[in-house]
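Report on the following structure.
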Amino acid sequence: MGIPLDYNLRNLRVRWRSTLATVVGIALVVAVFIFVRALAHGMESTYVNTGDERNLIVLRKGSTAESSSQLSREEARRIKYLDGIVRDEHGEPLASAEIIVLILLERTGERGTANVLVRGIGPATLALRPQIRITEGRMLRPGLHECIVSRRIAERFAHCRVGQSFQSGKTTWHVVGIFDARQTAYESEIWVDADEVRSVFRRDFYGSVLLRPVNAIAAESLKQRMLADRLLNIKVQSETEYYREQTQSAGFFQFLAWFLAIIMTIGAAFAAMNTMYAAVGGRTREIGTLRVLGFRRRQIYASFLLESVMLSLLGGALGCMLSLLCNFVSTGTLSQTTFAEVAFQFQVTPRMMGAGMLFALVMGVLGGLLPARLAARKPVLDALRAV
Amino acid sequence: MTIPGFIVRNALRNKRRLILTVLSVALSLFLFTTLQTALHLMTHPPTTEEAALRIATRHRVSLANVLPAKYQFRIERMPGVRYCSKFTYFGGIYKDQSQSNFAQFAVDADRIFRIFSEMVVSPREEEEFRKEKTACIVGAKLLERFGWKVGDKITFQGTIWGCDPELTIRGTYRGQGIDETLVFFHHDYFDELMGDRGLVGAFWIKAGSAEVVPGLIERIDAAFRNTDAETKTETERAFQLEFVSMLGNVKLFIGSISTVIVFTMLLVTASTMSMAIRERSREMAILKAIGFNASEIAGLILAESFGQAMTGGLLGCLGAKLLFAHLDIYKLSGGNIPMFPVTADVVALGLLVALGLGVASSIVPARSTIKATVVEGLMELD
Chain A
1 MGIPLDYNLR NLRVRWRSTL ATVVGIALVV AVFIFVRALA HGMESTYVNT GDERNLIVLR
61 KGSTAESSSQ LSREEARRIK YLDGIVRDEH GEPLASAEII VLILLERTGE RGTANVLVRG
121 IGPATLALRP QIRITEGRML RPGLHECIVS RRIAERFAHC RVGQSFQSGK TTWHVVGIFD
181 ARQTAYESEI WVDADEVRSV FRRDFYGSVL LRPVNAIAAE SLKQRMLADR LLNIKVQSET
241 EYYREQTQSA GFFQFLAWFL AIIMTIGAAF AAMNTMYAAV GGRTREIGTL RVLGFRRRQI
301 YASFLLESVM LSLLGGALGC MLSLLCNFVS TGTLSQTTFA EVAFQFQVTP RMMGAGMLFA
361 LVMGVLGGLL PARLAARKPV LDALRAV
Chain B
388 MTIPGFIVRN ALRNKRRLIL TVLSVALSLF LFTTLQTALH LMTHPPTTEE AALRIATRHR
448 VSLANVLPAK YQFRIERMPG VRYCSKFTYF GGIYKDQSQS NFAQFAVDAD RIFRIFSEMV
508 VSPREEEEFR KEKTACIVGA KLLERFGWKV GDKITFQGTI WGCDPELTIR GTYRGQGIDE
568 TLVFFHHDYF DELMGDRGLV GAFWIKAGSA EVVPGLIERI DAAFRNTDAE TKTETERAFQ
628 LEFVSMLGNV KLFIGSISTV IVFTMLLVTA STMSMAIRER SREMAILKAI GFNASEIAGL
688 ILAESFGQAM TGGLLGCLGA KLLFAHLDIY KLSGGNIPMF PVTADVVALG LLVALGLGVA
748 SSIVPARSTI KATVVEGLME LD
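Line by line, the protein sequences give chains A and B.
Taking our numbering as reference, the numbering of the first sequence is continuous, increasing by one, and the terminal residue is 387.
Taking our numbering as reference, the numbering of the second sequence is continuous, increasing by one, and the terminal residue is 769.
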């Protein structure tokens, strides 16, 4: 029979001051780790969620992002009317030639300006992106300089509520609707009519064509035909693949998370070790008594190690709970590819919490090994004589 | 035994605990210094005295809109302007995308190094660069990173612009505290490839003196008001800070992570200090009994706690400074971080945190020791 767990629990309670300090310390380390991972994950999943695997996106050959791609009007038209694209009830292809421009907008509360992506859209845009819903106001009408903005943009930028208007490119844009983009990259965009954008910002080209092939086989044949067409200087990929390539900016945060976690884990393990050494030192006589009662060195070793692990898991659990709070936070940062602000939401996943608990476990084991060995090796008589 | 000797002996009596505490403070301050340096780099773009003379003119709508190249003639004729160069961000891919995390710019070859005079190019190399239309000058660090040599040919695949310039490296630039990872090539060559569209990303201008800068900014923007391409002109500092502001809450994150680290450290050191003093409550009582007063006792505890935190602080801050000075951060980060200098300011801030830590963690044990009566202290068993 091992030493009862209750013994360790009571000990943790009696030494509540150092227990509390260590538990909170470990909790903070775990929370920071999860927080930074959640940030990176939030950024990544914003992009990953955006693509629809049924869609193909066409850019100019060599382009890496819609914002820097250029397709001529002839190219856009040629692509739209290829065979193998879904047609709607009026016989129009489910394909949308779009264009992205960057504009500088004022943030709410006079906190400076930031670049925002404006997407010029066509009639098929919404049908290609069924996840998008207009939650307030109505869809824009072409020709009237109307726009719809994402919910996040409406919150983060001045003059972007329904009924308000803002100035850009010597034109006044009227906000007529707000859309909910379900945490996709479109959360950071303003949508206007493509032809209006092209005339106001003087672009005689489009940026990309998004289209929906009839099925996977049609998609493959469409790709082949487009690439073989000498009148088209393009590259074509699935929309999911395109957005996966856009996620690189999260790499820094992934790196930061691991860098922080590893160094802080070592630091916290030292702290746990201190607490455990003090626990062993203060209980020398008890250890002697346990040995006299017939408990083995092995059992004492296990008991102290277990106590350290309990300490750290308590901290880990507290850290996970703390980190859940950040699930409600959304924020924005600069995208490396578009130079515009991307909005995203922190996302804590069970896996991250698992990794956090693993770190806590490592802290507990590292912190407990040496003190437990010290406790197990104490000679019985010396231990009993200790004051 | 002297008082300092007494403090040192006390601090050293549990060497294991001392080492563990010092190491955990050192690690935390190492992290703190690293994060603060990163924050400093993000929020304080490198700047020199020359920077006060430089202004950038670009399209009012955003950086991604282009300006007519002919604006250059009007800007150059304005009083106070010494040099004006076209400056177009090329954003090309070298070999493959994962390696292409450095910027290339099409510029006026005869002016660019007059405007950015902190970029030092040898006169011979600059002459060769100017003479040859397809020549380029690259940053010294970039040259080293890819193992290029002067005379090598490099090709960039355009992502924004539909052309692929083929360039010959004719020299390098170096400079103190500046980004040595850029590529500059002839705007003329770029125009030729693009079919002479007469468009420019931006203009960089060097003013004759700092006093004329505000007036010049006004004048340039006024000159192009109500044209198809209105301009936005600002100082180099303002231009850079706009990028900083777009980093959004990253600053806040790093700031709050630093705070959490400091707080965690405080918990650790305060708890060890309390442990150390609790174990000594009998001795403390004896000290009081033989006539040490409250402030002297508090002083003893403070000195011990302070010494412990400062040792950790020095180890962590100076360790970070030495480590980052000897690591080739540019290579290690795969070209993402051109430089990572730990400044004296950041080290000083770290040491200040350590100092605060030492003081704060002595408060609880000192108070409880002073409050306890001699008899209580003597009765304490462990």
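Beta carbons: idealized from backbone N, C-alpha and C, even for Gly.
Report yes or no: do the region 18–31 of chain A and the region 165–182 of chain A share at least 3 C-beta pairs separated by less than 8 Å? no
B:D769 by DSSP, collapsed to three states: which one? Note that B:D769 scores 47 on pLDDT, short of 50, meaning its location in the model is unreliable and no value can be drawn from it.
Does any CB atom of chain B fall closer than 9 Å to the CB of A:F35? yes
Please state whether DSSP places B:I556 in a helix, a strand or coil. strand
For chain E, find out if any of its Cβ atoms is closer than 9 Å to the Cβ of B:K619; answer yes or no. Looking for chain E here will not work: the only protein chains present are A and B.
Quick check on A:L381: buried or exposed, where buried means 16 or more other Cβ atoms within 10 Å of its Cβ? exposed
For B:W548, name the three-state secondary structure that DSSP assigns. coil
Ends of the beta strand (DSSP E) at A:S168? S165 to S168
Against chain B, with Cβ distances strictly below 9 Å, would A:K170 count as a contact? yes
Start-end ranges of the alpha helix (DSSP H) lying completely within the region 354–387 of chain A, minimum 4 residues: 380–385
Would you tell me roughly how many angstroms separate the C-alpha atoms of B:L418 and A:N274, rounded to the nearest one? 20 Å
Can you list the alpha helix (DSSP H) stretches of 4 or more residues lying completely in the region 472–496 of chain B, in chain order? none
Considering only the beta carbon of each residue, do B:L416 and A:G25 sit closer than 9 Å? no
Length of the line joining the Cα atoms of A:W173 and A:S238: 32 Å
Return the first residue and the last residue of the beta strand (DSSP E) that A:S96 is part of. A95 to E106
Using a Cβ-Cβ cutoff of less than 8 Å, which residues in the same chain neighbour B:L450 once the five nearest sequence positions on both sides are dropped? Y476, G588 and A589
is_contact[B:R624, chain A] using C-beta, thresh 9 Å: no
Note down, in chain order, every chain A residue with its Cβ under 8 Å from the Cβ of B:N452. V101, L102 and F201
Of the listed residues A:R298, A:Q167 and A:A114, nearest to A:R156 (C-alpha basis): A:A114
Can you find at least 3 beta carbon pairs, one from the region 32–45 of chain A and one from the region 454–462 of chain B, that sit closer than 8 Å? no
Between the region 263–274 of chain A and chain B, which residues of the former have a C-beta closer than 7 Å to a C-beta of the latter? I263, M264, I266, G267, F270, A271, M273 and N274
DSSP beta-bridge partners for A:D193? A:I121
Tell whether a beta-carbon distance below 9 Å holds between B:E531 and B:I541. no
Cα separation between A:L117 and B:G585? 26 Å
Between the alpha carbons of B:G545 and A:A271, how many angstroms are there, rounded? 53 Å
Got a sec: is the Cβ-Cβ distance from B:A597 to anything in chain A below 9 Å? no
Spatial neighbours of A:Y243 within its chain, please: CB distance less than 6 Å, with the 5 preceding and 5 following residues excluded, ordered by chain position. Y47, T50 and G51
Opposite B:C523 in the DSSP bridges: which residues? B:I556 and B:F572
If you compare alpha carbons, which of A:L128, A:T135, A:G163 and A:G169 is closest to A:V176? A:G163
Any beta carbon from chain A within less than 9 Å of B:L410's own beta carbon? yes
Near B:T659, which residues of its chain fall below 7 Å by C-beta distance, leaving aside the five closest residues on each side in sequence? R404 and T408
Looking at the C-beta of A:V175, does it have a partner C-beta in chain B at a distance below 9 Å? no
Answer with buried or exposed for B:G582, where buried requires no fewer than 16 other C-beta atoms within 10 angstroms of its C-beta. exposed
Are the CB atoms of B:D495 and B:S509 nearer to each other than 9 Å? no
Could you spell out the range, first to last residue, of the beta strand (DSSP E) harbouring A:C147? E146 to S150
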